[in-house]
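Residue numbering for the sequence shown follows the working numbering, starting at 14 and increasing by one per position.
First up is the structure itself, then whatever we jot down about it.
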Amino acid sequence: MGRLSVGVLGTVLIQSSATTTAIAVTAVGAGVLPIEGAIPIVLGANVGTTVTTSLVALTFIGDRTKFRRALGASTVHDFYNWLALLIFFPFELVWHPLQRISGTLTNALYGTDWLPNPAHFNFIRAATRPVEHGVIHATSHVSSTLGPLFTIVIGAALILVAVHYLGKLLKLLMVGRARDILIKAVGRNPYLAMASGMGVTVVTQSSTNTTFVLVPFAGPARRAGPRSPEALLGPVGR
14 MGRLSVGVLG
24 TVLIQSSATT
34 TAIAVTAVGA
44 GVLPIEGAIP
54 IVLGANVGTT
64 VTTSLVALTF
74 IGDRTKFRRA
84 LGASTVHDFY
94 NWLALLIFFP
104 FELVWHPLQR
114 ISGTLTNALY
124 GTDWLPNPAH
134 FNFIRAATRP
144 VEHGVIHATS
154 HVSSTLGPLF
164 TIVIGAALIL
174 VAVHYLGKLL
184 KLLMVGRARD
194 ILIKAVGRNP
204 YLAMASGMGV
214 TVVTQSSTNT
224 TFVLVPFAGP
234 ARRAGPRSPE
244 ALLGPVGR
């Protein structure tokens, strides 16, 4: 439970489950953390990332109807990660299926060229690297204890600012023809919608980014037609 809490708290602080997971994977690769210790951290990281979508939903709090729709969309992400934790974590504690499967895959794929380098697909990291270096440079003159703390505070503040303006921009974008095109492209087929979410997450290397971009789409919905985001959310969205 302690390592599970580390994963949750780490993601809540830095608002990135991908970063928390990457740290855990690096620690396992370096031999400082066993695989059985990394699995609870990864599961906890997926739970901690639900905080971001809730923050996005709060940007609609001024309008009760829009807030209910946005909150309904954000809780889909919450329930999915919580259910995954409640299902897989007890099984892992007793029978260790994830640990065994990971070992089998490692033995099968080690030394092959089947897997691409994820760094080649991380366009978001390349675009935000100057800001990252700027924050690190600004806090490099502070003590080793306060420096990382200031970095986390600045990063969290930048996330809140980005989420605030992203919500405003998407409210302006998701009207008229742009909104109709999105609904036709994604709302028509649940399998297409699932593939779109997976594709965007692969490109951005962050499920959090994908989710907090999609939540504002549900908030400004104006009608409850058969293909509207409100209809897709069901009773929770209404």
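Cβ coordinates follow ideal geometry from the N, Cα and C atoms, glycine included.
(message) Checking 7 Å against the spacing of the C-beta atoms, do L99 and V60 come in under that value?
(response) Not in contact: L99 and V60 (Cβ atoms no closer than 7 Å).
(message) Can you look up V166 in the DSSP assignment and give me helix, strand or coil?
(response) If DSSP states are grouped into helix, strand and coil, V166 belongs with the helices.
(request) Identify the continuous alpha helix (DSSP H) that holds D126 and give its terminal residues. (result) That residue, D126, is in no alpha helix (DSSP H); it is neither H nor E in DSSP.
(message) Judging by CA-CA distance, which residue of A51, T39, P47, L46 is the nearest neighbour of G20?
(response) For G20, the nearest C-alpha among the options comes from A51.
(request) Kindly give me the distance between the Cβ atoms of A58 and V228, rounded to whole angstroms, as I take these residues to be in contact under 8 Å. (result) Here A58 is actually not in contact with V228; their C-beta atoms are around 19 Å apart, not less than 8 Å.
(request) Give the secondary structure of T34 by DSSP, where H, G and I count as helix, E and B as strand, and everything else as coil. (result) Helix.
(message) Do L26 and I165 have their beta-carbon atoms positioned less than 7 Å apart in this structure?
(response) Taking 7 Å as the Cβ cut-off, I165 and L26 qualify as a contacting pair.
(message) If contacts are defined as beta-carbon pairs under 8 Å, then T304 and T224 qualify, I think. What distance do you get, rounded to the angstrom?
(response) A query on residue 304 cannot be resolved here, the shown segment of the chain reaching from 14 to 251 and no further.
(request) Kindly give me the distance between the Cβ atoms of A35 and L46, rounded to whole angstroms, as I take these residues to be in contact under 8 Å. (result) A35 to L46, Cβ: 13 Å. No contact.
(request) With a cut-off of 8 Å on the beta carbons, I'd call T33 and T24 a contact; round off their distance for me. (result) Between the beta-carbon of T33 and that of T24 there is about 5 Å, and that keeps the pair under the 8 Å contact cut.
(request) Answer with buried or exposed for Y181, where buried requires no fewer than 16 other C-beta atoms within 10 angstroms of its C-beta. (result) The residue asked about is misnamed: residue 181 is Lys in this sequence, not Tyr. Looking at its Cβ environment, which holds fewer than 16 other Cβ atoms inside 10 Å, K181 is exposed.
(message) Let me make sure I understand the geometry here. Which of S29, L17, M14, R81 has the alpha-carbon closest to that of A169?
(response) Nearest to A169 by C-alpha distance, out of S29, L17, M14, R81, is S29.
(request) Express the C-alpha separation of T221 and L22 in angstroms, rounding to a whole number. (result) Looking at the two C-alpha atoms, the distance is approximately 16 Å.
(request) Classify I27 as helix, strand or coil using the three-state DSSP reduction. (result) Here I27 sits in helix by DSSP.
(request) With DSSP collapsed to three states, give me the class of M211. (result) Secondary structure at M211: helix, using DSSP grouped into helix, strand and coil.
(message) As a quick exercise: from H154, S157, E49, L71, pick the residue whose alpha carbon is nearest that of V107.
(response) Closest option to V107, Cα to Cα, is E49.
(request) In angstroms with no decimal places, state the Cα-to-Cα distance between L205 and G212. (result) The straight-line gap separating the alpha-carbon atoms of L205 and G212 is approximately 10 Å.
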